[in-house]
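As structure tokens, the structure follows; a few thoughts come after it.
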Amino acid sequence: MNTAARALELRNQGRYQEADRLFQDAYEETSGGIDAADLLFNWADAVRRLPGGEKRARAMLEEATDILWPIRFNNRKVYAACVHHKARFLRSIGDTVAALGESEDALRQIRRFTCRNPLLWFFPHIDNLTIRLDVSSIRAINGYSWKARTIGLSALVWAFHPWLWMKRQVGPKHVVRAGILLTYAGNPFRSESRVQGAFFGNTARRR
Numbered sequence: 211m212n213t214a215a216r217a218l219e220l221r222n223q224g225r226y227q228e229a230d231r232l233f234q235d236a237y238e239e240t241s242g243g244i245d246a247a248d249l250l251f252n253w254a255d256a257v258r259r260l261p262g263g264e265k266r267a268r269a270m271l272e273e274a275t276d277i278l279w280p281i282r283f284n285n286r287k288v289y290a291a292c293v294h295h296k297a298r299f300l301r302s303i304g305d306t307v308a309a310l311g312e313s314e315d316a317l318r319q320i321r322r323f324t325c326r327n328p329l330l331w332f333f334p335h336i337d338n339l340t341i342r343l344d345v346s347s348i349r350a351i352n353g354y355s356w357k358a359r360t361i362g363l364s365a366l367v368w369a370f371h372p373w374l375w376m377k378r379q380v381g382p383k384h385v386v387r388a389g390i391l392l393t394y395a396g397n398p399f400r401s402e403s404r405v406q407g408a409f410f411g412n413t414a415r416r417r
């Protein structure tokens with residue numbers, strides 16, 4: 211197991227201080243580019259959980275974004291996945307307005323990537339579903355209930371794609387999440403609590 215993989219394992223175990231130190235070592239070992247950006251996103255996720263770590267984590271996100279910006283037209287799929295990662299991070303710290311902008315950018319990128327590669331309608335990436343699920347939930351929490359329901363319907367369609375089921379990338383939980391969004395995102399009085407609880411618990415903060 212390499213240094214980055216060990217750091218990820220420590221983060222997943224909740225050992226964030228140890229993960230922070232290992233991520234530092236792993237970052238020094240990278241050759242830059244996409245690998246460095248991906249590592250920074252995962253590193254930031256560990257650092258934000260440390261006392262006073264939010265500012266440092268945000269700086270890591272900006273550095274990762276700067277790395278990815280030049281390749282946004284050359285590798286839209288990777289760029290979309292990384293921006294999606296950033297949106298999830300911002301949502302997790304309660305910055306739902308910024309998360310909405312990033313998630314919408316990720317959605318645009320994955321749409322363009324799929325439209326320019328016709329075979330991907332038949333053999334799609336899981337990002338087509340996961341990005342839509344997150345965009346729908348973030349729209350609902352920001353008060354865009356009917357827009358949330360629209361993209362939630364799109365997510366439900368992708369959740370039944372036979373290729374994703376055959377590859378075992380999609381399961382009942384994805385269908386349930388899309389169903390929750392369709393049921394509650396259109397109701398401005400219930401969407402926030404229901405979607406927030408279904409996707410990331412009731413601890414998120416609005417700003």
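Numbering (this note's numbering), first residue to last: 211 to 417.
A virtual CB, placed ideally from N, CA and C, is assigned to each residue, including glycine.
None of the values given here were measured: they were computed from a predicted structure.
| Query | Result |
| --- | --- |
| Helix, strand or coil at Gly311 according to DSSP, with G and I counted as helix | helix |
| Alpha helix (DSSP H) segments (min. 4 residues) lying fully within the stretch 278–307 | 286–302 |
| Residue of Ala274, Gly263, Gln223 minimising C-alpha distance to Gly242 | Ala274 |
| Simplified DSSP assignment, three categories, for Ser346 | helix |
| Contact under 9 Å by Cβ, Ala214 with Ala236 | yes |
| Which listed residue (Arg378, Trp368, Lys377, Met376) has its alpha carbon closest to that of Val385 | Trp368 |
| Where Phe233 falls: helix, strand or coil (DSSP) | helix |
| Integer Cβ distance of Gly353 from Leu392, believed to fall under 8 Å | That belief does not hold up - the Cβ atoms of Gly353 and Leu392 are roughly 17 Å apart, past 8 Å. |
| Beta-carbon proximity list for Glu264, same chain, < 7 Å, skipping 5 on both sides | Arg258, Ile303 |
| Alpha-carbon spacing of Ser346 relative to Glu228, whole angstroms | 35 Å |
| Val380 - DSSP class collapsed to helix/strand/coil | coil |
| Length of the line joining the Cα atoms of Ser355 and Arg349 | 7 Å |
| Sufficient close CB pairs (3 or more, under 8 Å) joining the stretch 315–325 to the stretch 284–302 | yes |
| Given Glu314 as reference, the closest of Ala297, Leu271, Leu339, Ala246 once Cα atoms are compared | Ala297 |
| Residue nearest to Arg387 in terms of C-alpha spacing, selected from Ile341, Ala267, Leu250 | Ile341 |
| Euclidean distance between Cα positions of Gly411 and Ile390 | Per-residue confidence for Gly411 stands at a pLDDT of 42, beneath the threshold of 50, marking its modelled position as unreliable; the derived number appears in the next sentence. C-alpha separation (whole angstroms): 14 Å. |
| Sequence-distant residues of the same chain with beta carbon closer than 8 Å to Ala246, five excluded per side | Tyr237, Thr240, Ala274, Ile277 |
| Residue closest to His294, alpha-carbon to alpha-carbon, out of Phe332, Leu232, Leu310 | Leu310 |
| Distance CB(Leu271)-CB(Leu250) smaller than 9 Å | yes |
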